[in-house]
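2 protein chains.
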Amino acid sequence: MSRRTVTISEVAKHAGVAVSTVSYVLSGKRTISADTRRRVLDSINALGYHPNAGARALASKRSNVIALVLPLRAGMHVPVLMRFASAVVTAARRFDHDVLLLTADEGTAGIRRVAASALVDALVLMDVELDDRRVPLLRELAEPSVLIGFPARPAGLTCVDLDFHAAGARCAEHLAERGHQEIALLGAPSVVYDRGTGFATRTRDGFAAAVADLGLKGVALPCEETFDEVYETVRDLLLDHPGLSGVVVHNEAAVSHVLAALRQLGRRVPQDMAVVAICPEDVAERASPPLTSVLIPAEEVGREAVRLVMDKLEGRVVPDSTLLAPLLAVRSST
Amino acid sequence: MSRRTVTISEVAKHAGVAVSTVSYVLSGKRTISADTRRRVLDSINALGYHPNAGARALASKRSNVIALVLPLRAGMHVPVLMRFASAVVTAARRFDHDVLLLTADEGTAGIRRVAASALVDALVLMDVELDDRRVPLLRELAEPSVLIGFPARPAGLTCVDLDFHAAGARCAEHLAERGHQEIALLGAPSVVYDRGTGFATRTRDGFAAAVADLGLKGVALPCEETFDEVYETVRDLLLDHPGLSGVVVHNEAAVSHVLAALRQLGRRVPQDMAVVAICPEDVAERASPPLTSVLIPAEEVGREAVRLVMDKLEGRVVPDSTLLAPLLAVRSST
DNA sequence: GCCGGTCGTCGAAGCGCTTCGACACTCTTT
DNA sequence: AAAGAGTGTCGAAGCGCTTCGACGACCGGC
Numbered sequence: 001m002s003r004r005t006v007t008i009s010e011v012a013k014h015a016g017v018a019v020s021t022v023s024y025v026l027s028g029k030r031t032i033s034a035d036t037r038r039r040v041l042d043s044i045n046a047l048g049y050h051p052n053a054g055a056r057a058l059a060s061k062r063s064n065v066i067a068l069v070l071p072l073r074a075g076m077h078v079p080v081l082m083r084f085a086s087a088v089v090t091a092a093r094r095f096d097h098d099v100l101l102l103t104a105d106e107g108t109a110g111i112r113r114v115a116a117s118a119l120v121d122a123l124v125l126m127d128v129e130l131d132d133r134r135v136p137l138l139r140e141l142a143e144p145s146v147l148i149g150f151p152a153r154p155a156g157l158t159c160v161d162l163d164f165h166a167a168g169a170r171c172a173e174h175l176a177e178r179g180h181q182e183i184a185l186l187g188a189p190s191v192v193y194d195r196g197t198g199f200a201t202r203t204r205d206g207f208a209a210a211v212a213d214l215g216l217k218g219v220a221l222p223c224e225e226t227f228d229e230v231y232e233t234v235r236d237l238l239l240d241h242p243g244l245s246g247v248v249v250h251n252e253a254a255v256s257h258v259l260a261a262l263r264q265l266g267r268r269v270p271q272d273m274a275v276v277a278i279c280p281e282d283v284a285e286r287a288s289p290p291l292t293s294v295l296i297p298a299e300e301v302g303r304e305a306v307r308l309v310m311d312k313l314e315g316r317v318v319p320d321s322t323l324l325a326p327l328l329a330v331r332s333s334t
Numbered sequence: 001m002s003r004r005t006v007t008i009s010e011v012a013k014h015a016g017v018a019v020s021t022v023s024y025v026l027s028g029k030r031t032i033s034a035d036t037r038r039r040v041l042d043s044i045n046a047l048g049y050h051p052n053a054g055a056r057a058l059a060s061k062r063s064n065v066i067a068l069v070l071p072l073r074a075g076m077h078v079p080v081l082m083r084f085a086s087a088v089v090t091a092a093r094r095f096d097h098d099v100l101l102l103t104a105d106e107g108t109a110g111i112r113r114v115a116a117s118a119l120v121d122a123l124v125l126m127d128v129e130l131d132d133r134r135v136p137l138l139r140e141l142a143e144p145s146v147l148i149g150f151p152a153r154p155a156g157l158t159c160v161d162l163d164f165h166a167a168g169a170r171c172a173e174h175l176a177e178r179g180h181q182e183i184a185l186l187g188a189p190s191v192v193y194d195r196g197t198g199f200a201t202r203t204r205d206g207f208a209a210a211v212a213d214l215g216l217k218g219v220a221l222p223c224e225e226t227f228d229e230v231y232e233t234v235r236d237l238l239l240d241h242p243g244l245s246g247v248v249v250h251n252e253a254a255v256s257h258v259l260a261a262l263r264q265l266g267r268r269v270p271q272d273m274a275v276v277a278i279c280p281e282d283v284a285e286r287a288s289p290p291l292t293s294v295l296i297p298a299e300e301v302g303r304e305a306v307r308l309v310m311d312k313l314e315g316r317v318v319p320d321s322t323l324l325a326p327l328l329a330v331r332s333s334t
C-alpha cells in the first residue's frame, strides 16, 4: 500500500512547470493562468499529492493547527464539553485548520510548549474559570487565543459565552408570562458557587434581577447532584414556600432527580409546578415531561470561538466579549 | 512579550558547540560528554529554547502527533468519550506525543488527509462499530492505528475494548451469588442492536451464556431512554416475570429512569429488586441508592490504546485483540 | 612506539515547502 | 514607436532541524 510519498517537485515535473508555480496554484497568492492551473491540478490528482504539513509549517510559519485546551476540572459538565469540542473541530476545518487537544494535566506547561514550538497557531480554552491560572500565560503569548467562559479580569482577552445573566432572566420572565408569582432557582452544587465559577453566579444574578423587575417572589438555592440531596432540597423548598408554582433548574445532573422528587412529593408537572431547565437540548427533550428549556448552544459557542480566533490570526480586531443570546424552547413542562 | 523565537543554532553558538551536538544532546542518539551536555542544557535554559515542531517533523519524518478519531455517531455515550479522550491525551504525552482531534464530519477524508500530509504518525479510533466505514481505509494506510471497539472483521487490525462478554457474565454471576434465580438484562435502545454495535450484543451474549451456565432464568430486553418508555418496559417486565428479583442495566441514559420506575412501582432497591449497572463509575455512585456496577475503565482503555499504537510505531509486534477484564464494584443496590 | 578501536564532536547535506525578486511577455497609453 | 503597466512563470534562497560520514583524541594491546 501507500507508495512513497509524492512531493511538490514531482507534481511540478509531471505538469511541466516550476515548483513555485505549483505552490502558487495551491495558495492562490499569485495569479496563474487558467490553463496552467488546470494542468497542475490534474497532475496533483493523478499523482495523489498531499502537501507535507511539516514542510509547509516550516516554510510558512503557520502550522494550520489550533489548540483546544480542556478545562482544569475534568469532572464538570462533561457531556457539554464534547459538543463544544466537536463544534470547534468542525468550525476549524472550515478555516482549513486542525485541532490539537490539550489537557490540564500538564498545567500551563502544555500551552507554553505547543505555542513555543509553533505546533499551533492559536488557542481556544474551554470552560474558563473566574480565577484561571492559564489566563496570565495567555497574555504573554504571541499566539492569539479565545476563551470560552469569563475569567475575573477579562481585560485584554477575547471571551465567548452564553449570556447566562440573560438566560436566568429569561426563565423568570417566561414563568411570569405564564402567571407564576412565586418561583425558585435550583442551581449548581454549592461548591461551584464557592469557587466562583462565572456562569453559575451570573445565572443567579440574572434570575434575581428579573424577579425584582417583575415584582415576583423568588428564591435561589444551590443544588447538589444525588437523588437524596435533591429530594431534601425540593421537599424543604415546597415546605418553606407553599405558594411556589414555578422552578428553574440550572444543573444538568440534577434535572432528572428534581423531576423524580416532584413526582414523589405528589406534584404534577406542569399542572402543580412549572419547570424550566437550563441544560443541553437532549437532556430537556428526553426528560418526562419534556422540559421547557434554555439551550446551551454548544455548537454556536464553539463556532464563534473559532471564528474569533481566526479573525485574530488574520490580524483583524475583534470584540473583547461576545455573549450569545439565550434561546428558550417551550415544551410541555410549563 | 515573547521575543523572537530562539533556534537551535543560537543555542549552539551560546554553548560554543555545533548545531548537531545540540541536537544529539536533545535526542540522546549519540554519546555526549557530561560536560558538554551540561553546557548545552544550560544554554537551552538560559535562552528559553523550544525546538520548532515543523522543522523537526520535516527533518525526522516524525511529527510526534497522533490522531484521535471521534466516533461516527456523535450522540452516543457522550460522557464516556470525554474520559477516553482525556486518557488518550495524557497517555500520549507520556510518550512525548500530542493528540490531534478528528471528527467524523469529514468522513474518511480527514483520516486520509492527516496521514498523507504526515501531520500525524499514528491513529487511534474511538467507538468503532461493527460495520465501520473507516476500517477499510486503515488497512491501506502506512501509519499504524489502534481501534477502541471491535469491527466485524478485525483481522489484521489492533483492537482494544472492555471485555463486554465477560462483563455481562460477571453481572449474572454476581446476582446468582446473591441468590437470585430469575434475572433480566435491560440493554441499549433497540436501534443500537439493529445497527449491530458490538458492545451491546456482546454484553447480552455474555449475560445469556452465564444464565445458561448457572441454571438461572433470564431474559434480555432492549431499553429505550425516555422515562415513559423505560417505565413501560419495567412495568411489563415485572408483570411478565413475577419471580424476577434482579436486573442488570447496561444503558447509561436509562439508569436513573429504571430506578425511578422501580420506585414508582413500589419496588425497593435492593430489598425487592437487586440492580447492577454497567456504566461509568460516577453515574453508579451518584444514583440512589449507589449502584453495584461494572466500571467502563475509560482511562485504562485509552492508556492501553496509546501504548499499543506506540509499540506499533516502534515496530514492535502487538496482539490483535486486547480485552480488558471487567471490574465489579459492589455498592448498596445488590 | 605503532595499530586498531572507541568516544565525542563537527560540518554539510538534505527534508519539502513558501516566498521574493527577476524576467519575458502582452497590452495600453502616449 | 517608445515607455509603462500588468500578467504569468521561474529559479533560488531559505525555514530550523536531523542525520550521516568524517575525523581528531585518547585508550589499551602488542
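First to last, the sequence lines map onto chains S and X.
Okay, so the first sequence: first residue is 1 according to UniProt numbering, each after it adds one.
Okay, so the second sequence: first residue is 1 according to UniProt numbering, each after it adds one.
Where a beta carbon is used, it is the ideal one built from N, C-alpha and C, also for glycine.
As the structure is a computational prediction, the values presented were derived from the model and not from experiment.
Exercise for the section: Report yes if the C-beta distance between residue 206 of chain X and residue 149 of chain X is below 8 angstroms; otherwise report no. Expected result: By one-based count along the second sequence, residue 206 of chain X stands at place 206. By one-based count along the second sequence, residue 149 of chain X stands at place 149. Cβ distance not < 8 angstroms, so residue 206 of chain X and residue 149 of chain X don't count as in contact.
Exercise for the section: Compare the C-beta of residue 97 of chain X against all C-beta atoms of chain S and say whether one is closer than 8 angstroms. Expected result: Working through the second sequence from its first residue, we reach residue 97 of chain X at position 97. Residue 97 of chain X is outside the set of residues whose beta carbon lies under 8 angstroms from a beta carbon in chain S.
Handout entry: Exposed unless 16 or more other CB atoms sit within 10 angstroms - verdict on residue 177 of chain S
Key = Indexing the first sequence from 1 puts residue 177 of chain S at position 177. Exposed, because fewer than 16 other Cβ atoms sit within 10 Å of the Cβ of residue 177 of chain S.
Problem - Continuous beta strand (DSSP E) stretch holding residue 159 of chain S: start and end - result: Residue 159 of chain S sits at position 159 when you count from the first residue of the first sequence. That run of the beta strand (DSSP E) goes 159-162.
Handout entry: Selected residue, minimal CA-CA separation from residue 311 of chain X, among X:294, X:243 and X:121
Key = Against the second sequence, residue 311 of chain X aligns to sequence position 311. Nearest C-alpha to residue 311 of chain X: X:121.
Practice task
Measure from the C-beta of residue 51 of chain S to each C-beta in chain X and report whether the shortest distance is under 8 angstroms.
Solution key: Here residue 51 of chain S refers to the residue found at position 51 when the first sequence is read from its first residue. Under the Cβ criterion of 8 angstroms, residue 51 of chain S is counted among the residues facing chain X.
Exercise for the section: Kindly indicate if chain X contains any beta-carbon less than 8 angstroms away from that of residue 116 of chain S. Expected result: What you label residue 116 of chain S is simply residue 116 of the first sequence in a count that begins at 1. So yes, residue 116 of chain S belongs to the interface.
Exercise for the section: Please state whether DSSP places residue 76 of chain X in a helix, a strand or coil. Expected result: On the second sequence, position 76 is the one that residue 76 of chain X refers to. With a pLDDT of 49 at residue 76 of chain X, under the threshold of 50, the predicted position of this residue should be treated as unreliable, and no value is reported.
Exercise for the section: Kindly say whether residue 81 of chain S, judged by its beta-carbon, lies nearer than 8 angstroms to any beta-carbon of chain X. Expected result: In the first sequence, counting from the first residue as 1, residue 81 of chain S sits at position 81. Yes, because at least one Cβ of chain X sits closer than 8 angstroms to the Cβ of residue 81 of chain S.
Exercise for the section: Closer than 9 angstroms, Cβ to Cβ, to anything on chain S: give me those residues from the region 243-273 of chain X, in chain order. Expected result: Correct list: 253, 256, 257, 259, 260, 263 and 264.
Practice task
Could you have a look at residue 315 of chain X and say whether DSSP puts it in helix, strand or coil?
Solution key: Along the second sequence, read from residue 1 onward, the residue named residue 315 of chain X stands at position 315. In the structure shown, residue 315 of chain X sits in coil (DSSP, three-state: anything other than H, G, I, E or B).
Handout entry: residue 96 of chain X versus X:127, X:64 and X:104, residue with shortest Cα-Cα distance
Key = Position 96 of the second sequence, counting from 1, holds the residue named residue 96 of chain X. Per the Cα distances, X:64.
Problem - Among S:140, S:200, S:181 and S:14, nearest to residue 190 of chain S - alpha-carbon criterion - result: Locating residue 190 of chain S in the first sequence gives position 190, where the first residue counts as 1. When only C-alpha atoms are compared, the closest one is S:200.
Handout entry: Residue-level contact to chain S via CB, residue 169 of chain X, 8 angstroms cutoff
Key = As a first step, residue 169 of chain X is located in the second sequence; it is residue number 169 there, counting from the start. Not one chain S Cβ lies under 8 angstroms of residue 169 of chain X.
Practice task
Work out the CA separation of residue 84 of chain X and residue 259 of chain X for me, nearest whole Å.
Solution key: By one-based count along the second sequence, residue 259 of chain X stands at place 259. By one-based count along the second sequence, residue 84 of chain X stands at place 84. Cα-Cα distance, rounded: 27 angstroms.
Problem - Reduced DSSP secondary structure (H/G/I, E/B, other) of residue 236 of chain S - result: Looking up residue 236 of chain S in the first sequence gives position 236. Correct three-state label for residue 236 of chain S: helix.
Practice task
Provide the residue(s) that pair with residue 218 of chain S in DSSP beta bridges, ordered along the chain.
Solution key: Position 218 of the first sequence holds residue 218 of chain S. For residue 218 of chain S, which the question treats as bridged, DSSP gives the partners S:183.
Practice task
Throw me the rounded Cβ distance for the residue 332 of chain S and residue 290 of chain S pair, which I believe falls under 8 angstroms.
Solution key: Taking the first residue of the first sequence as 1, we reach residue 332 of chain S at position 332. Taking the first residue of the first sequence as 1, we reach residue 290 of chain S at position 290. So it is a contact: roughly 6 angstroms between Cβ atoms.
Exercise for the section: Kindly identify the DSSP beta-bridge partner or partners of residue 65 of chain S. Expected result: Mapped onto the first sequence, residue 65 of chain S falls at position 65. Looking at the DSSP output, residue 65 of chain S shares a beta bridge with S:98.
Exercise for the section: Select from S:234, S:66, S:19 and S:42 the residue whose C-alpha is nearest the C-alpha of residue 262 of chain S. Expected result: In the first sequence, the residue the question calls residue 262 of chain S occupies position 262. Considering only alpha carbons, the answer is S:234.
Practice task
Would you mind sorting residue 21 of chain X into buried or exposed? The rule is 16 or more other CB atoms within 10 Å of its CB.
Solution key: For this step, residue 21 of chain X is matched to residue 21 along the second sequence. Under this definition residue 21 of chain X is a buried residue.
Handout entry: Nearest residue (CA-CA) to residue 88 of chain S, options S:308, S:321, S:322 and S:323
Key = By 1-based counting over the first sequence, the position of residue 88 of chain S is 88. Per the Cα distances, S:308.
Handout entry: Contact under 8 angstroms by Cβ, residue 329 of chain S with residue 293 of chain S
Key = Translated into the one-based positions of the first sequence, residue 329 of chain S becomes position 329. Translated into the one-based positions of the first sequence, residue 293 of chain S becomes position 293. The Cβ-Cβ distance between residue 329 of chain S and residue 293 of chain S falls below 8 angstroms.
Practice task
Determine the burial state of residue 144 of chain X: buried for a count of at least 16 other Cβ atoms within 10 Å of its Cβ, exposed for fewer.
Solution key: Walking along the second sequence from the start, residue 144 of chain X turns up at place 144. Looking at its Cβ environment, which holds 16 or more other Cβ atoms inside 10 Å, residue 144 of chain X is buried.
Handout entry: Inter-residue spacing [alpha-carbon to alpha-carbon] between residue 222 of chain X and residue 203 of chain X
Key = Start at 1 with the first residue of the second sequence, and residue 222 of chain X comes out as number 222. Start at 1 with the first residue of the second sequence, and residue 203 of chain X comes out as number 203. Answer to the nearest angstrom: the Cα atoms are 12 angstroms apart.
Problem - Residues in the region 224-243 of chain S having any Cβ partner in chain X nearer than 7 angstroms - result: Listed in sequence order: 225, 226, 227 and 228.
Handout entry: Residues near residue 224 of chain X by beta carbon distance below 8 angstroms, same chain, minus five either side
Key = Taking the second sequence and counting its residues from 1, the one referred to as residue 224 of chain X is at position 224. Excluding sequence neighbours, residue 224 of chain X sits near 189, 190, 230, 233 and 254.
Handout entry: Ranges of the beta strand (DSSP E) found wholly within the region 120-153 of chain X, counting only runs of at least 3
Key = Runs of the beta strand (DSSP E) inside the region 120-153 of chain X: 122-125 and 145-148.
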